[in-house]
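Residue numbers (my numbering): 3 to 109.
Backbone N, C-alpha and C define an ideal beta-carbon position, used for all residues, glycine too.
Below is one structure, written out as structure tokens; comments come after it.
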């Protein structure tokens, strides 16, 4: 859905895939922060909810294929930009959510 809506916005950066990855990264950071305080929930459920849900939302295989397509088209610079934006953006969103929700639940 996101790919159909946002990928046409730019010919070299698939914004739909990027959006899904950034949202998923934020949600997993939030989940880990919130679940770190909930000791009464079985760890298996924590992993299922965070990794399972976010694994279904994020699109690493689509991201990988899109990078390969860019490389096949000779757009090496755009492939590197796509890799950096997805990876660094995902790390940043996970860290931001973890920090925000850890701070908000610390009180």
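Between which residues of its own chain and residue i is the CB-CB distance below 6 Å, once the five residues before and five after are set aside?
i	result
residue 27	92, 95 and 96
residue 61	19 and 22
residue 65	19 and 88
Could you check which residue in the options has the C-alpha nearest to that of residue i?
i	options	result
residue 89	33, 9 and 25	25
residue 104	62, 19, 40 and 10	40
residue 32	44, 46, 13 and 53	53
residue 49	34, 74 and 98	34
residue 67	81, 11 and 99	81
Note down, in chain order, each residue of its chain lying with its Cβ closer than 7 Å to the Cβ of residue i, except the 5 sequence neighbours on either side.
i	result
residue 21	4 and 8
Among the residues of its own chain, which have a CB less than 8 Å from the CB of residue i, if the five just before and after it don't count?
i	result
residue 87	15 and 20
If residue i sits next to residue j, beta carbons under 8 Å apart, how far is it from one beta carbon to the other, in whole angstroms?
i	j	result
residue 29	residue 37	Going by Cβ atoms, the distance from residue 29 to residue 37 rounds to 12 Å, so no, they are not a contact pair.
residue 85	residue 69	6 Å
Is residue i helix, strand or coil by DSSP?
i	result
residue 6	helix
residue 42	coil
residue 18	helix
residue 76	coil
residue 52	helix
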